[in-house]
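These protein sequence lines are chains A and B, in that order. For the first sequence, our numbering gives the first residue as 1, with consecutive numbering after it. For the second sequence, our numbering gives the first residue as 1001, with consecutive numbering after it.
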Amino acid sequence: MHMILDSSLKFDHILITLPENMSILNLLNIEDYTTDGFTLSINKLYTSDFFGLIISQDEKLKEIHIQRQIGLQMLNKGKVVHEEKIIANFYRPFLEVVEGPKTIVITDKSDLRNLFKFTIKVVGFGKVNIKTEIDTGTDIKLVLESYFRNLLSGLFAKYSIGEDVKPDDTRFENTDWIFDRMESSMDEEDDELPLAIKQERIEGMREWIRKTKNIGKILEEASRALEALFLDLLLFQFEKYPAENVTLSYGTPAIFAERFAGSITLRLRYWDSMGTEYEPIEIPIEIDDKRGEKKPSKIPMNIEWIRNPYPILGVNDRLE
Amino acid sequence: MSDPFDILPKTAESTKAVSDIIGLFSKLIDNFKPFKPIIRVANFDYIDKTWEAKFLLQIKKGWKRRSKRKVEIPAYDGARVDEVLAGEMFQPMTINFDNIDHKYIFRAGDFPNCENFLVTLTGRVTEKFLKDWVEIRMSKNPTGGSIIDKYWIYAALKNVSILEAIHDEFNVERVSSDVKVGVERVFTSAIPPWLKQRIVAREELLTAIERGDRRSRVLAVRYRRAARDSRLKPFEISRIVSDLTSGDYFREFIALDHPFQLANIFPSGFVKEFLPERVNVQVTARLNLKTPVVEGYLSFEKNRYTDIITEKFKESLFEKKKPRRKMKPKKKKE
């Protein structure tokens, strides 16, 4: 807040009264002041034409919108010559679950891509940054960015569809270290990337890349890979910004597993643009996995977002 | 409850960075004292982090001039003599510089036959000084509804105690704020639906391959056909996106309230070359005693920008090589 002062107004003190849970971060053009805890008494300004205060609200909001009243009095020889009540508005974003499954039954015929569907309403004001976590009961695993996952699996998929492998010279031998590294990283038990890549695939790719006659194809594949990378980025961007003012940092949440048992909890932790974290949303779901065949699967948690912006008072609100 | 004034200093003394500058100006005035100096104007440049001060010196003609009085300005303080103009005609003149002791020497006897001299001194200020001196605030969240996004900008002088040293006028030029204009959904919403479908087809294919699904061959054929019909050119996309987010193009969609001015525009984000998430718009304003506070809005014509991008994408980005073959609708297998 700031005030441009009328030169005809004579005063020797300005009193500012703050409500609870607010504090002053900075003073503008104030040379001398005293405080008694709730009141700021301004004794002297550097120049007589304006003064300002940078005020912050310290309490985490529970409501979407609150108003706080700041008192201002200007005194001359003990008499009030000007008085004002200044209303400060504070807003927060708010997430609400509108719809979501309580129980999910998975069978061999289930369409895994469309199994989980949620509707979440975003109300309040401002940008909201959401990080999703899936709690499987035993440990909490952050959902990996699908971008990196797709990038890797995309590479393997490209080199493994329908190409005949015939022995030829070994021009591309020096690529071996890449495959060695891939294999060794797959051996690690604590590998967090649940990529179900078969050993034969790596072998197939290793063979294929060694062939001289495949150079043209390799170059074409490289250009295709660039294109694929772009598509992955696009997909990730779609997932990261699913609605106006909503950021899903990790993209669409998904679970990766061979078989699910018992219950899981989808947790949405969220922050406003100033970095304040609010009470997270938790959605517990019972899962009954009736599949006969044990298959590693990625199951996305599809969320439909409904934006319901809070009406902001007036056009000239100074909002950060 | 805690004291809301706890974090403030107990008295509103100027910070060290500010008092250092006051000290420097006082010292310069002190050095020039024999020549009756008056600082006419001091300008600070927020972006370049420099200052420029103009001193008016009055050197009387007559016996005092002949007494060979001299003034020395040491260069070690960071003050540099930029130019000295003599008399009413503002004739530029040279000032001797002592290379050994690093100081400027103003020898009254060397001065031409006039009384007034305008000396321009320049120097640098620290970032800390500018931060201590100027308060800048702006919105991270736009207001203004769906057609136009509005971002509030505010800049104010915190402390004008610098006046203790400068008697006439000072300006803080180009006080700059970087407003981060969100475009995260502008580019993705401009992507044509068929490309979105293609991305989904690719996802399906990859999932099927991973799972060892029998359908993967069918899906692969379908995906390859889609990919052949429409060839993407990532480098061209990158070029077009950078054109669309360049200052020359983007500024057309930005409007600033008086007295803010547009300085610079550059995209930012995780993959700013392909799909920028934000466009940083650097705006500047001048602060001085007459206008110690400036406040206003930056407006971004989001809807119009999105429409134009959608159009450009349609025209040039995802041009299909040939029209897709029309397929006869197949009977659904039960």
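Each residue gets a CB set at the ideal place from its N, CA and C atoms; glycine is no exception.
Taken through DSSP and simplified to helix, strand or coil, R92(A) comes out as coil. By the 16-neighbour rule on beta-carbons within 10 angstroms, G262(A) is exposed. When the five nearest sequence neighbours on each side are left out, the beta carbons in the same chain lying within less than 6 Å of the beta carbon of A1190(B) are those of I1309, T1310 and F1313, in order along the chain. Around the C-beta of N308(A), fewer than 16 other C-beta atoms lie within 10 Å, and the residue is accordingly described as exposed. Within the region 48-75 of chain A, contact with chain B at the beta-carbon level (separation under 9 Å) is assigned to D49, F50, G52, I54, I55 and D58.
Note that the C-beta distance between K1036(B) and Q1058(B) is below 8 Å. Identification of residues in the region 14-31 of chain A having a C-beta nearer than 8 Å to some C-beta of chain B yields L18, E20, N21, M22, S23, I24, L25, N26, L27, L28, N29, I30 and E31, given in sequence order.
Nearest CB-CB separation between Y310(A) and chain B: not below the 8 Å threshold. Partner residues in the beta bridge of S1177(B), as assigned by DSSP, are V1283(B). Here the alpha carbons of G1023(B) and A1017(B) stand approximately 10 Å from one another. Under DSSP, I299(A) forms a beta bridge with I255(A). Rounded to whole angstroms, the separation of the alpha carbons of I14(A) and Q73(A) is 6 Å. Scanning its chain for C-beta atoms nearer than 8 Å, with the 5 sequence neighbours on each side dropped, one finds around P1292(B) the residues A1156, L1157 and V1160, in chain order. Apart from sequence neighbours up to five positions away, the residues of its chain that approach T1120(B) with a beta-carbon distance below 6 Å are K1054, D1082 and E1083, ordered along the chain.
For V1018(B), the enclosing alpha helix (DSSP H) has its first and last residue at K1016 to N1031.
Listed along chain B, the residues sitting closer than 8 Å to K127(A) by beta-carbon distance are K1140, N1141 and G1182.
R1239(B) sits exposed, since fewer than 16 C-beta atoms from the chains shown fall within 10 Å of its C-beta. In the three-state scheme derived from DSSP, where H, G and I count as helix and E and B as strand, K213(A) is classed as helix.
Proximity of the region 1172-1189 of chain B to the region 1274-1285 of chain B meets the contact definition, three or more beta-carbon pairs being nearer than 8 Å. The DSSP-derived three-state label of I1308(B) is helix.
If you look at T1188(B), you'll find it in the alpha helix (DSSP H) that goes E1184 to S1189. Residues of the same chain with a CB within less than 6 Å of the CB of P1267(B), apart from the 5 flanking positions on each side, are T1245, P1276 and V1279 in chain order. DSSP places D1248(B) in the uninterrupted alpha helix (DSSP H) bounded by G1247 to F1250. By the neighbour-count criterion, in which 16 or more other beta carbons inside 10 Å mark a residue as buried, L25(A) falls on the exposed side. Note on the region 73-126 of chain A: whole beta strand (DSSP E) runs with a minimum of 3 residues are 79-91, 93-99, 103-106 and 116-124, in chain order.
For E244(A), the C-beta contacts it makes with chain B under 7 Å involve R1185, in order along the chain.
Membership of L1130(B) in the alpha helix (DSSP H) is indicated by the continuous run E1127 to W1133.
Exposed is the label assigned to M1093(B), since fewer than 16 other Cβ atoms lie within 10 Å of its Cβ. Between F116(A) and V97(A) the beta-carbon gap is near 13 Å, outside 8 Å, which marks them as no contact. Pairwise C-beta distances place the region 79-89 of chain A out of contact with the region 264-273 of chain A, as fewer than three of them are shorter than 8 Å. Here the alpha carbon of K44(A) sits roughly 23 Å from the alpha carbon of V1172(B).
Straight-line spacing of the CA atoms in R1304(B) and A1255(B) works out to 13 Å.
Listed by position along chain A, the residues whose Cβ is nearer than 9 Å to that of L1289(B) are T47 and D49. Around the beta-carbon of D272(A), 16 or more other beta-carbon atoms lie within 10 Å, marking it buried.
By the neighbour-count criterion, in which 16 or more other beta carbons inside 10 Å mark a residue as buried, K211(A) falls on the buried side. Ranked by how close their Cα comes to the Cα of E244(A), the residues R1217(B), G1182(B), I1166(B) and W1152(B) have G1182(B) in first place.
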